[in-house]
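S.K.: First the structure, then my questions, so here it is.
Number of protein chains: 4
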Amino acid sequence: MTRNTYDPGPQIAQAGAINLGVTDLTKSLWFFSDLLGMEIVHQDVGVAYLRGYQELIHHSLVLTQQDHARVNAYSFRVARKQDVELFHDQLVDSDIEVLQLSSGHQRGRGEAIRFLVPWSEHPFELYYDIDKPRAAESIRSKLPSSSSSRRGLGVRRIDHFNVQTSPGTINQAEAWLRENLGFKRREFIMMPDHPTTVMASWMSVTSQMHDLAIGANRLEENARLHHVAFNLENYHDVLTAADRIRDLDIEYGVGPGKHGVGQAMYLYIHDPGSDHRVELYSGGYQIFDPDWDPIEWQPADIPNGMTWYGDPIDLSVGSRGRYTTPSAGLHG
Amino acid sequence: MTRNTYDPGPQIAQAGAINLGVTDLTKSLWFFSDLLGMEIVHQDVGVAYLRGYQELIHHSLVLTQQDHARVNAYSFRVARKQDVELFHDQLVDSDIEVLQLSSGHQRGRGEAIRFLVPWSEHPFELYYDIDKPRAAESIRSKLPSSSSSRRGLGVRRIDHFNVQTSPGTINQAEAWLRENLGFKRREFIMMPDHPTTVMASWMSVTSQMHDLAIGANRLEENARLHHVAFNLENYHDVLTAADRIRDLDIEYGVGPGKHGVGQAMYLYIHDPGSDHRVELYSGGYQIFDPDWDPIEWQPADIPNGMTWYGDPIDLSVGSRGRYTTPSAGLHG
Amino acid sequence: MTRNTYDPGPQIAQAGAINLGVTDLTKSLWFFSDLLGMEIVHQDVGVAYLRGYQELIHHSLVLTQQDHARVNAYSFRVARKQDVELFHDQLVDSDIEVLQLSSGHQRGRGEAIRFLVPWSEHPFELYYDIDKPRAAESIRSKLPSSSSSRRGLGVRRIDHFNVQTSPGTINQAEAWLRENLGFKRREFIMMPDHPTTVMASWMSVTSQMHDLAIGANRLEENARLHHVAFNLENYHDVLTAADRIRDLDIEYGVGPGKHGVGQAMYLYIHDPGSDHRVELYSGGYQIFDPDWDPIEWQPADIPNGMTWYGDPIDLSVGSRGRYTTPSAGLHG
Amino acid sequence: MTRNTYDPGPQIAQAGAINLGVTDLTKSLWFFSDLLGMEIVHQDVGVAYLRGYQELIHHSLVLTQQDHARVNAYSFRVARKQDVELFHDQLVDSDIEVLQLSSGHQRGRGEAIRFLVPWSEHPFELYYDIDKPRAAESIRSKLPSSSSSRRGLGVRRIDHFNVQTSPGTINQAEAWLRENLGFKRREFIMMPDHPTTVMASWMSVTSQMHDLAIGANRLEENARLHHVAFNLENYHDVLTAADRIRDLDIEYGVGPGKHGVGQAMYLYIHDPGSDHRVELYSGGYQIFDPDWDPIEWQPADIPNGMTWYGDPIDLSVGSRGRYTTPSAGLHG
């Protein structure tokens, strides 16, 4: 065997965290902690760090009080400590401007790098080291694989990011993410009226159908967030969430329903402190096959892909077409 | 960066299939296909190949008519085509006898190798190539990520193997699996009365908490199967299965209940055609963290680990202590 | 108190059964028995009698092969044997033509009476005696309160009838049902554009929110069936049914969703052998209060009433406005 | 027929409320309101009135601070206003001492009567009038059939009382309840070792399998409460409750499991402020048949009756045999 002909190079391990700029931190904390049940691991003036009950790391969500709602960073964990530097060098070799973020730039996190995804301009951060603090004893779970007890609507972990860029840049952006960050295309849709342009692509570095999805934004806006998804354990948890949320005065999006794409239950709601769209997501299939063939959805099947059953996603004016959130630039 | 100093070598991608020797194939087919809802992809005299509705590959279960119930093979898929040969060379280098199995030795499968796990003597087979046949149109799903429609009790895929060896060999066997096949220890229990001996270890090469578990068999028997697990999508599916199965004259084991270990719902039943123990398994947490610290269960917490809630697993006479299934030798 | 003068007058005890004329009995039997899981208690040439797994009586559904899809009878059980005759006399006193049906007119059923509901012209039958046959041993449940084991999609019993009449007769028909048959109004909606006319009224003689609902048919058709509902035990069963049915080539209506009216999960599908609309219904609240105040839905709240969450019922072209089924006349 | 002589005699309509004496009101309020999700409708010094989110009446639970845990009253609503007096006269005619309780004796409730059940000595109260206050706007539901939004573990209403008396008095007590209060026997078990003595009887005046159950207390104690049950809408809600409660330091009893008796999911826990046993109960079949034949469980089937699947109820030392709560006397 000839080992030294093979080297995977740096790899991304998981979607780690999102840093959301919110205009009303108090409302956002009520939403993510009191309602959705996430733990506030640490809170400072104007910033809070949260995680789901099955996350042992320091945080998967950062809420930052700001004048305008935006995404400050999409953070990914890399597979090995050295991959932070390996990615840095690789990006610089490609003439991409990279910022080096010192340990603690996000509390509990080690050294990281920050750059804008070419073509789509989404601010990505890559890191490896992160603290694993125990929860306060009052909320700590007796289960060693849970940081805290299930609370509220039962958000257990972050699931994926769904971002958008303009139709004119999506092909290049989607290809760049696959070729440079190792995301594998799992399912995808080409534009029915423009079959050489990606309409949406669901990609992962894990067994999830997607850790990251990118779609074409008809408003021709780059660097947009469509939604960030958090994971609930069972379909029924999504029904319970819908029942609770319908009775609250927060913006209710679409759902519950089951996507044909990924075969997962969805419920789209909006953080009342920022209007960022949040998906409560449950189930779906796992991809362990090493030779997965990306699934292309044909135009006639797209409605099935969006909604297999339940509250339909209206592609014309519904979930895709409406309000999306901008992102910060490289320097914030 | 110094790429050519790094090479992961061959890797296992997933638990692929189990080949069960059964004494009454007709009963076993009724159990796995009519009751559990698995698709019979192909059937010959004395042998049948089955898969769950979310499996696109040829099979995850082989049922072979035999005089005695036993496990003929635990099959794993490797990450790359060349890994079959790389593992072959690596095993031979370690003076392990390896059989080369030609393409089609299991229908639909490419070239494979077969060997006995040192110390535990379980017959493992490694392969990469496998066909991905479409289901018959009459049962085909409209969902491209499902091979067939959900049927019966809704088995969607194989989940994991739980095997046993004697207390005198488990430490060496468990270490060998980690060091030579790349399984990562996720959760484990040391024997309360013999703290240097592994009582049970849950290991994976995927984001599952375990693709393979190995436990100490108090009867001092090597090469035993405790159970093979198949995956259902929701906790509620396990309740529905229990309701249905309690009304049938097949051996009902333990459950429904929720394991603290892995946080998954369980129901143990027995194939009436072979008495192999089958677990219907749902949920649990995913491990995407690249630096997961194996969780050790302390003696006082073991009951929580076995059963967080629901029908308790009796460690003395219950699920662990009773009937387990032998395995075939290297040459079958 | 004067107990010996005690006479409660005739009362209806429950919605007992529906007799559906179907144009393709084979397809209807596949739908109700193989798919929905109802037991075929008895089958003759051109007719079959079915029940759900929690029904101990002979049948709740009769399927009759006919040239045209229609409802032959809506049958209700009365509270006491003598109530059949008491209702007969009461109806005749009101100059309503009543047919007397001999024992066995529906197999397993005792003497019954048949009449058309004034104004709406729906054919109602009232009976008391009905056999309680045990299921064949092969499908019998070990639970004495279940006639057979849960099968298929898990229909456990009939739930309610939802019928329609023309806007010009609904006020009189709805009042007649309350004043003469003892149905209590539980929830109701007046026509937004004609506030003195009932749009829909949900009524019951039991603790269910409705055993019978009547709505205004915009096509000005009397004697129509909107749907007959069968009961599933849990919301999750409705999701499982949707998953299965979406993959079949039968007409899929609306759902899953949760009604605000009654707080129950719904899924509307159509019998492929007759196109009668069938609702799979689960949950909802029970009314034990002896002084229940009927709930009136205001126009602005009607969308919430139709769909609290999930797949919305489109009042303009959706579930209400489209195809409904006619009924037989008094003499069939 | 002679309608004008119509008099059905007094009837009980529903299990209305339980008044629990608790030794730590603060803890009990946390348990019933914060954890189980019941609304605190009114609170005074030493007393609180609560209801579930689907109860429109003033309360179904009264918590009274006392030196010892006991049941102060089992309250039932009667079918008509005059039934309070009719029952009063009927009881007095039977030489039973009856107290007349003025309006407001329980806040929000009208005039009531109180007496001890002959032979079992449980303090029963009968009333008709009760206020139907709207919930505070901050928690009010948009659903008119819900008083407040679903919260916490989702208790929606009281379900039933399960009481105990001594083996020497149970036959007389159970017969008295049926003959004098109109409870119908739905399912029952005779003592395996003493077949002429009732072991347990499940009775109802509604379509529920039981509003009231009475069992033989092996400790020969009369006037005991085994548990009071509150209703959750779906089986899955019971699993969610178990997950949450296992992580709390309150006494966990038995469950989740499914009773064969009644076919409902159960979870037994204990109020940390009083140790009264509370059952979280979901599902089960409805009895609409006017001629229901009481189901007798044979000795060999009793284990199935107690636990169809899930965490088994140990009849020797388990749920039946252990701690039960005493009741107040006639005068409190």
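Protein chains in written order, with numbering that gives the first Met the number 0: chain L, 0 to 331; chain S, 0 to 331; chain A, 0 to 331; chain X, 0 to 331. Ideal Cβ placement from N, Cα and C applies to all residues, glycine included. Here the structure is a predicted model, which is why all the values come from computation and not from measurement.
Does the beta carbon of N233/S sit closer than 8 Å to a beta carbon anywhere in chain A?
M.R.: Yes, N233/S lies at the interface with chain A (some Cβ there is under 8 Å from its Cβ).
S.K.: How far does the alpha helix (DSSP H) with I244/S in it extend, from its first residue to its last?
M.R.: I244/S -> alpha helix (DSSP H) spans 234 to 245.
S.K.: Could you tell me which chain S residues have their CB closer than 7 Å to the CB of K257/A, listed as they occur along the chain?
M.R.: None at all; the shortest Cβ gap to chain S is about 16 Å.
S.K.: So with CB distances below 7 Å, who are the chain L contacts of D236/A?
M.R.: In chain order: nothing, as chain L lies at least about 11 Å away.
S.K.: Using alpha carbons as the reference points, say which of D274/L, T164/L, V197/L lies closest to E220/L.
M.R.: Among D274/L, T164/L, V197/L, the Cα nearest to that of E220/L belongs to T164/L.
S.K.: Could you tell me whether any Cβ in chain S is nearer than 8 Å to the Cβ of R139/X?
M.R.: No, R139/X lies away from the interface with chain S (no Cβ there is under 8 Å from its Cβ).
S.K.: Look at A212/A and M198/A and say whether their C-beta atoms are less than 8 Å apart.
M.R.: Cβ distance not < 8 Å, so A212/A and M198/A don't count as in contact.
S.K.: Could you tell me which chain X residues have their CB closer than 8 Å to the CB of L142/A, listed as they occur along the chain?
M.R.: In chain order: G259, Q262, N303, W307.
S.K.: So, at 6 Å on beta carbons, what are the nonlocal neighbours of I169/X in its own chain, with the 5 sequence-adjacent residues on each side left out?
M.R.: Excluding residues within five positions, the ones whose Cβ falls inside 6 Å are V197, A215.
S.K.: Any C-beta of chain S sitting closer than 8 Å to the C-beta of A241/X?
M.R.: A241/X counts as touching chain S.
S.K.: Could you name the residues of chain S that G282/L contacts, counting a contact when the two beta carbons are closer than 8 Å?
M.R.: Within chain S, the residues near G282/L are E232, N233.
S.K.: Which same chain residues end up closer than 6 Å to R156/L when comparing Cβ atoms and leaving out the 5 residues on each side of it in sequence?
M.R.: Excluding positions up to five away in sequence, the list reads G51, Q53, E54, N230.
S.K.: Spell out whether any CB of chain L is found under 8 Å from the CB atom of F114/S.
M.R.: It does not: the Cβ of F114/S has no partner Cβ on chain L nearer than 8 Å.
S.K.: Locate the alpha helix (DSSP H) running through N161/A, then write down its first and last residues.
M.R.: Unbroken run through N161/A is the beta strand (DSSP E), 156 to 164; no alpha helix (DSSP H).
S.K.: Since D43/X sits in a beta bridge, which residues does DSSP pair it with?
M.R.: Its beta-bridge partners are V46/X.
S.K.: Taking its Cβ as the centre, do 16 or more other Cβ atoms sit within 10 Å of I246/L, making it buried, or is it exposed?
M.R.: With the sequence shown as reference, residue 246/L is identified as Asp, and Ile is not the correct amino acid for it. Classification for D246/L: buried.
S.K.: Taking C-beta to C-beta, are F86/S and P9/S nearer than 8 Å?
M.R.: Cβ distance < 8 Å, so F86/S and P9/S count as in contact.
S.K.: Any idea if G137/L is buried or exposed, counting beta-carbon neighbours within 10 angstroms, 16 or more meaning buried?
M.R.: Per the sequence shown, the amino acid found at residue 137/L is Ser instead of Gly. The residue in question, S137/L, is exposed, as its Cβ has fewer than 16 Cβ neighbours within 10 Å.
S.K.: Tell me, please, whether the CB atom of R276/A is closer than 8 Å to any CB atom in chain L?
M.R.: Taking Cβ atoms only, chain L never reaches closer than 8 Å to R276/A, which makes this a no.
S.K.: Report yes or no: is there a C-beta of chain S within less than 8 Å of the C-beta of A78/L?
M.R.: With 8 Å as the cut-off, A78/L counts as an interface residue toward chain S.
S.K.: Just the Cα atoms here: how many angstroms apart are M305/X and E110/L?
M.R.: Approximately 58 Å between the Cα atoms of the pair.
S.K.: DSSP on K183/S, reduced to helix/strand/coil?
M.R.: Reduced to three states, the DSSP call for K183/S is strand.
S.K.: Name, in chain order, the residues that DSSP records as bridge partners for K75/A.
M.R.: Note on identity: in this sequence residue 75/A is Phe, with Lys being the wrong assignment. According to DSSP, which records beta bridges pairwise, F75/A is partnered with A14/A, L125/A.
S.K.: Which same chain residues, not among the five before or five after Y322/A, have their C-beta less than 7 Å away from its C-beta?
M.R.: Same-chain partners within the cutoff: D274.
S.K.: Counting Cβ pairs, one atom from each stretch, are 3 or more of them under 8 Å apart for the stretch 53 to 73 of chain S and the stretch 8 to 22 of chain S?
M.R.: At 8 Å Cβ cutoff, the stretches touch.
S.K.: Could you list which residues in chain L have their beta carbon closer than 7 Å to that of S206/S, in chain order?
M.R.: Here the neighbours are T205, S206.
S.K.: Counting only runs of 3+ residues fully inside the stretch 211 to 295 of chain S, write out the beta strand (DSSP E) ranges in chain order.
M.R.: Listed in chain order, the complete beta strand (DSSP E) runs (minimum 3 residues) inside the stretch 211 to 295 of chain S are 211 to 215, 223 to 230, 263 to 269, 276 to 282.
S.K.: 8 Å is my cut-off, CB to CB: does R149/S come that close to chain D?
M.R.: Given the protein chain composition of this structure (L, S, A and X), no chain D is represented.
S.K.: Straight-line CA distance for K37/L to D158/L?
M.R.: With the sequence shown as reference, residue 37/L is identified as Met, and Lys is not the correct amino acid for it. Each residue's alpha carbon lies about 14 Å from the other.
S.K.: How big is the Cα-Cα spacing for P289/A and R79/X?
M.R.: Looking at the two C-alpha atoms, the distance is approximately 7 Å.
S.K.: Compute the Euclidean distance between the alpha carbons of V316/S and T324/S, then round it to the nearest angstrom.
M.R.: Because the pLDDT at V316/S is just 44, under 50, the model does not fix this residue reliably, and the value given afterwards should be weighed accordingly. If you take the alpha carbons of V316/S and T324/S, they lie about 16 Å apart.
S.K.: I need the DSSP call for R108/X, collapsed to helix, strand or coil.
M.R.: In this structure, R108/X counts as strand in the three-state DSSP scheme.
S.K.: Check whether the stretch 132 to 146 of chain X and the stretch 174 to 194 of chain X are in contact - that is, three or more C-beta pairs closer than 8 Å.
M.R.: Output reads no: the stretch 174 to 194 of chain X does not touch the stretch 132 to 146 of chain X.
S.K.: Could you name the residues of chain L that D246/X contacts, counting a contact when the two beta carbons are closer than 7 Å?
M.R.: By Cβ distance, chain L contributes S140, K141, S148.
S.K.: Is the separation between the beta-carbon of A327/X and that of V70/X shorter than 8 Å?
M.R.: In contact: A327/X and V70/X (Cβ atoms closer than 8 Å).
S.K.: Please compile the residues from chain A whose C-beta is within a distance smaller than 8 Å of the C-beta of D310/L.
M.R.: Residues of chain A passing the Cβ test: G256, Y308, G309, D310, P311.
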